[in-house]
Structure formats: structure tokens, C-alpha cells
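> Take the sequence shown: its position 63, counted from the start at 1, is 465 in the numbering used here, and no numbers get skipped.
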Amino acid sequence: MVRFISRNIVLLLATVMTALAIVMYNLFLLVVRHHHTLLHDIRRGFLVLVLFGIFYGVLRYIQAIPDDAD
């Protein structure tokens, strides 16, 4: 069971991170719509880049973990 989870953790994390990105995007759209001066396009673009950078870093870290070859 542990081997199954460790092999498929990338798929689980990709699903969770995608859902998180969609939720954060929708929240930012609501904030921008109702509070025009709170977030500007430059800040939103920067946060999207940071989010995708974290997503890429987590996936690359998981790919770098050696497989258990029993």
C-alpha cells in the first residue's frame, strides 16, 4: 500500500495543486471585481508566477526522490 501511494503521489499532488490554483484564481477575480484598488494586474501576475513556481518545484522534488527498488 505504501509503495502504491508513493508511486502515485505525483498524480494526487497535481490534482490538489490544480484545484488550489483554480480556487485561488477565482478568489482573486472576486477581490479584483469588488475591490478595484486592492489588487493590481502586476501583483496578480506576480502571484500567479509564484504559484506556478511552487507547483513546478514540488513536482520536480517528487520526481527527484529515488524509487524503492525492492
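Heads up, the beta-carbon is just placed ideally off N, CA and C, and yes, glycines get one too.
In this text, all values refer to a predicted model and were calculated from it rather than measured experimentally.
Are the beta-carbon atoms of isoleucine 464 and valine 404 separated by less than 9 Å?
Position 62 of the sequence shown, counted from the start, is the residue given in the question as residue 464. Position 2 of the sequence shown, counted from the start, is the residue given in the question as residue 404. Against a cut-off of 9 Å, the Cβ pair of valine 404 and isoleucine 464 comes out as no contact.
> Please confirm if the segment 442-449 is in contact with the segment 417-425, defined as three or more CB-CB distances below 8 Å between the two stretches.
The segment 442-449 is not in contact with the segment 417-425.
> State the CB to CB distance for the pair leucine 461 and methionine 426, rounded to an integer number of angstroms; the pair is presumed to be in contact (CB under 8 Å).
Walking along the sequence shown from the start, residue 461 turns up at place 59. Walking along the sequence shown from the start, residue 426 turns up at place 24. Their Cβ separation, rounded to whole angstroms, is 17 Å, which puts leucine 461 and methionine 426 out of contact at 8 Å.
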